[in-house]
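K.L.:
Residue 817 in this note's numbering sits at position 90 of the sequence shown, and the numbers go up by one each step.
Backbone N, C-alpha and C define an ideal beta-carbon position, used for all residues, glycine too.
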Amino acid sequence: MRRNHLEWLDDWYRCQCNGEWEHKEGMRLQMLDNPGWLLTIRLAGTSARNAPPQRLRMETRGGGWLACSIGEECFEGSGDPRKLEQIIGVFRRWVEMNTHSKA
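Below is the structure:
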């Protein structure tokens, strides 16, 4: 059975927890005032730390938007209020394409 993106993120997060990463690096989900979401995941100390950088920006009909960037240290994804699942999906595809982790 195929897991949804949130279930996948739950498992990926659990696999990264080593007693240190989750306390000083980890991930953060914030609400934006424009309105929207901001998901930040620190990559240092994770299975995804050496994957190549990437940028994605999309605008959709009706004013929707999504922007994700992945650098050496961090994944940052933001989007309108209906894009949280897509933001997590972008991170998931990037991890699965660039590591052996299917979490």
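Which residues does DSSP list as the beta-bridge partners of residue 813?
P.N.:
Paired residues: none, contrary to the question.
K.L.:
Have a look at 824, 801, 817 and 826 and flag the residue whose alpha-carbon is nearest the alpha-carbon of residue 731.
P.N.:
The residue with the shortest Cα to Cα distance from residue 731 is 817.
K.L.:
Reducing DSSP to helix, strand and coil, say where residue 744 ends up.
P.N.:
Correct three-state label for residue 744: coil.
K.L.:
With DSSP run on the structure shown, which of helix, strand or coil describes residue 753?
P.N.:
In the structure shown, residue 753 sits in coil (DSSP, three-state: anything other than H, G, I, E or B).
K.L.:
Could you compute how far the alpha carbon of residue 736 sits from the alpha carbon of residue 795?
P.N.:
Residue 736 and residue 795: Cα-Cα distance of roughly 16 Å.
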